[in-house]
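> With the working numbering, letter number 192 in the sequence shown gets 240, and the count goes up by one each step, no holes. Just so you know, even glycine gets a beta-carbon here, dropped at the ideal spot from N, CA and C.
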Amino acid sequence: MRTDVWQHLHDDLSPGVQPDGETFAVPFGAHAILLPIRTLADGRGVASLIVNQASFAVLDALADAVAEGLRPHAPEVIAGVPTLGLTLAEAVARRLGHRRMVPLGTSRKFWYDEELSVALRSITTPGGGKRLYADPRMLPLLEGARVAVVDDVLSSGASIAATLRLMERVGVTPVAIGAAMLQGEGWREKVGATPVVGAFATPILTQTQEGWT
């Protein structure tokens, strides 16, 4: 199993599925990032990104790109989506000059209000069973503010749809959504008119006799 994925900004890779048939090179600015290909339950393939396993150089570059994409929307607060979105959200908030961010959570603390939660599932956790919570103590930071939501990946759109439902429940309409990777097109119908910023985009892959395409 390769351990060198999402570790470097490459200058010598052709975009797309690589000769090893196990990795995908996605263009990123003047460079490329190497991602492993994961097989979904339905047989399709996706280029995977785990931001908290990425090198600091790659994470910094992704955070720079997302922050610059969000800057024109003038967010005053960044709301981070668990779990992997929190790493990126903190880095983006720092780059925007914010003193803190608002982390959403999947672990219910005893002071949480069940009314400030929604069911959560994603393409990588199809079984569901989790809930997404907003900490009641964070609500004053969100009220009346220009809020941008940051997640690691938008794919099927299930997790961002849940996040938007939670934002609506707490009375917030996000000014934008930021993500490191936009995977496929399934997420588009879930975000409605909310502007979306991605550092890069990858397709959903199909397995053929010749390999992934």
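Ordered along the chain, which non-local residues of its own chain (more than five positions away) have a Cβ less than 6 Å from that of A193?
The residue labelled residue 193 in the question sits at position 145 within the sequence shown. Once the five neighbours on either side are set aside, the close Cβ partners of A193 are E124 and V125.
> Take the Cβ of K178 as the centre, count every other Cβ of all protein chains shown within 10 Å, and call the residue buried at 16 or more, exposed below.
For this step, residue 178 is matched to residue 130 along the sequence shown. Buried, since its Cβ has 16 or more Cβ neighbours within 10 Å.
> Tell me whether Q231 is buried or exposed, calling it buried when 16 or more other Cβ atoms sit within 10 Å of its Cβ.
Residue mapping note: residue 231 aligns to position 183 of the sequence shown, counting from 1. So Q231 ends up on the buried side.
> Smallest Cα separation from R185: which of P151, D59, K238 and T51?
For the purposes of this step, residue 185 is taken as residue 137 along the sequence shown, with counting starting at 1. Closest by alpha carbon: P151.
> Check for me: the beta strand (DSSP E) holding V198 runs from which residue to which?
Within the sequence shown, the letter at position 150 stands for residue 198. Per DSSP, V198 belongs to the beta strand (DSSP E) from V195 to L202.
> Check the C-beta distance from A113 over to A247 and give it rounded, since I have them as a contact under 8 Å.
The residue labelled residue 113 in the question sits at position 65 within the sequence shown. The residue labelled residue 247 in the question sits at position 199 within the sequence shown. Confirmed, about 4 Å.
> Helix, strand or coil: which one does DSSP assign to G226?
Numbered from its first residue, the sequence shown carries residue 226 at position 178. In the structure shown, G226 sits in a strand (DSSP, three-state: E or B).
> Just how far apart, CA to CA, sit A206 and D200?
In the sequence shown, counting from the first residue as 1, residue 206 sits at position 158. In the sequence shown, counting from the first residue as 1, residue 200 sits at position 152. Straight-line Cα distance between these residues: approximately 13 Å.
> Considering only residues of the same chain and omitting the five flanking positions on each side of K238, which have a CB-CB separation below 7 Å?
The residue labelled residue 238 in the question sits at position 190 within the sequence shown. Excluding sequence neighbours, K238 sits near G205, I208 and A209.
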